[in-house]
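For the sequence shown, our numbering begins at 576 and goes up steadily by one.
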Amino acid sequence: MSSLLKYKTLRQLRIPVWPWRKLNPKHTAWMAKEVRRAKKKVTKPLVPRPPKTPTFYGMTLLRILKTVYGPSNTSTFVNLFSKAKKTSVPSLQAFLQLLEMRLDVILYRARFATSYLQLHQWIAHGKVCVNGQVVTTKGRLLSPGDVVSIHPQAVSSVEESMRTFWAHAPLSQPTPTTFCPRRKLVRREAFVRDQSGRLVKTLLHASTLKTKKNKVSSLWWKPTHLEINYQTLHLVVLWHPQTLVLPTILKSTHLKAAVAR
């Protein structure tokens with residue numbers, strides 16, 4: 576979790592990549608100071624600054640994708656964009672749908688792990704099965720009807736990791752369509768372990784929703800295109816995702832400048 580909540584990427588991209596991670600007063604003052612310093616610094620007042628090229632915006636968008644969808648090679652996005660152009664759906668929409676159908680992204684949306692690095696380690700060690708067969712390729716594209724499960728020998732370790740995270744971060748409501756960072760969190764349900772070890776649904780008080788880790792659930796919404804069973808650690812892919820929650824607006828022109836070949 577700590578690797579995801581770093582300020583470095585947020586400061587450099589200047590967008591809320593993780594809406595639950597807000598700048599504290601110290602970082603806010605530092606950023607305001609840097610902005611004032613940049614405005615006062617005049618190098619060539621008579622020479623206008625050249626406009627930013629589409630390649631600049633494309634590389635920025637590529638970095639955002641690598642931040643939101645985990646560390647991946649540029650060739651991965653290039654290959655997915657080439658497949659997206661062959662479909663009848665708009666290229667940007669088809670590209671994002673293919674990204675969401677990756678094995679690691681689906682497991683991350685299902686909250687089986689708190690980071691992509693943890694998921695990549697599980698997949699590389701053979702802890703994830705697709706249709707009953709062990710898969711060691713993190714970028715495998717799934718299809719509607721595929722069943723993803725955790726290997727029986729790794730269920731205990733995965734449950735321990737999920738139990739540690741769920742003890743601090745409640746699950747969000749099942750079918751949200753929009754995300755508003757200024758929204759008040761008054762009523763929220765969570766899954767916790769009872770004395771017998773079973774997962775039960777409970778209602779959290781509003782005062783318990785003000786911690787930093789609890790704000791993670793505001794973005795980790797339950798996907799509607801997946802049928803998830805947290806008792807058996809199984810999930811079924813129902814259809815391609817129709818609704819996505821992203822931290823910024825993506826433009827197809829910038830995407831083409833970054834990954835089009």
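Using N, Cα and C, we set each Cβ at its ideal position, and we do this for glycine too.
Remember, predicted model here, so these are calculated numbers, not experimental data.
- Residue range of the beta strand (DSSP E) that includes residue 804: The residue labelled residue 804 in the question sits at position 229 within the sequence shown. Note, residue 804: beta strand (DSSP E), 801-804.
- Beta-carbon proximity of residue 640 to residue 677, cut-off 9 Å: For the purposes of this step, residue 640 is identified with residue 65 of the sequence shown, where counting begins at 1. For the purposes of this step, residue 677 is identified with residue 102 of the sequence shown, where counting begins at 1. No. Outside cutoff.
- Query: What do you get for residue 731, buried or exposed, if any count of 16 or more other CB atoms within 10 angstroms of its CB means buried?
  - Reply: Here residue 731 corresponds to residue number 156 of the sequence shown, with the count starting at 1. With fewer than 16 other Cβ atoms within 10 Å, it is exposed.
- Limits of the alpha helix (DSSP H) - the one that residue 725 falls within: Residue 725 sits at position 150 when you count from the first residue of the sequence shown. From DSSP, residue 725 is part of no alpha helix (DSSP H) but of the beta strand (DSSP E) over 722-725.
- Item | One or two residues paired with residue 708 in a DSSP bridge | By one-based count along the sequence shown, residue 708 stands at place 133. By DSSP's assignment, residue 708 forms a beta bridge with 705.
- Message: Tell me the rounded alpha-carbon separation between residue 660 and residue 800.
- Response: Your numbering for residue 660 matches position 85 in the sequence shown. Your numbering for residue 800 matches position 225 in the sequence shown. When rounded, the distance between both Cα atoms is 23 Å.
- Contact check, residue 811 vs residue 720, beta carbons under 9 Å: Locating residue 811 in the sequence shown gives position 236, counting from the first residue. Locating residue 720 in the sequence shown gives position 145, counting from the first residue. Contact annotation: residue 811 and residue 720 have beta-carbon atoms nearer than 9 Å.
- Task: Specify the secondary structure class of residue 673 as computed by DSSP and reduced to three states.
- Result: On the sequence shown, position 98 is the one that residue 673 refers to. Taken through DSSP and simplified to helix, strand or coil, residue 673 comes out as helix.
- Task: To the nearest angstrom, report how far apart residue 798 and residue 684 are at their CA atoms.
- Result: Here residue 798 corresponds to residue number 223 of the sequence shown, with the count starting at 1. Here residue 684 corresponds to residue number 109 of the sequence shown, with the count starting at 1. Rounded to the nearest angstrom, the two C-alpha atoms are 7 Å apart.
- Query: When burial is assigned at 16 or more other CB atoms within 10 Å of the CB, is residue 709 buried or exposed?
  - Reply: Reading the sequence shown from its first residue, position 134 is the one you call residue 709. Exposed, since its Cβ has fewer than 16 Cβ neighbours within 10 Å.
- Item | Best match in 829, 808, 652 and 612 for proximity to residue 705 [C-alpha to C-alpha] | Within the sequence shown, numbered from 1, the residue matching residue 705 stands at position 130. Ranked by Cα distance from residue 705, the options 829, 808, 652 and 612 are led by 808.
- Give the DSSP-derived three-state secondary structure of residue 793 in the structure shown. What you label residue 793 is simply residue 218 of the sequence shown in a count that begins at 1. For residue 793, the predicted model reports a pLDDT of 45, less than 50, meaning its position is unreliable; a value from the coordinates is still stated below. Residue state for residue 793 is assigned as helix, using DSSP reduced to three classes.
- Message: For residue 828 and residue 728, I'd like the C-alpha separation in whole angstroms.
- Response: Position 253 of the sequence shown, counted from the first residue, corresponds to residue 828. Position 153 of the sequence shown, counted from the first residue, corresponds to residue 728. When rounded, the distance between both Cα atoms is 46 Å.
- Task: Take residue 714 and list the residues in its own chain whose beta-carbon comes closer than 8 Å to its own, dropping the five residues that flank it on each side.
- Result: Translated into the one-based positions of the sequence shown, residue 714 becomes position 139. For residue 714, where only same-chain residues beyond five positions count, the Cβ hits under 8 Å are 647, 651, 677, 678 and 679.
- Task: From the DSSP output, in three-state form, read off residue 733 for me.
- Result: Residue numbering aside, residue 733 sits at position 158 when the sequence shown is read from its first letter. Judged by DSSP in its simplified three-state form, residue 733 adopts helix.
- Can you tell me where the alpha helix (DSSP H) with residue 812 in it begins and where it stops? Within the sequence shown, the letter at position 237 stands for residue 812. Per DSSP, residue 812 belongs to no alpha helix (DSSP H); it is in the beta strand (DSSP E), 809-812.
- Message: Measuring only the C-alpha atoms, how far is residue 702 from residue 817?
- Response: Translated into the one-based positions of the sequence shown, residue 702 becomes position 127. Translated into the one-based positions of the sequence shown, residue 817 becomes position 242. Between residue 702 and residue 817, the C-alpha separation is close to 28 Å.
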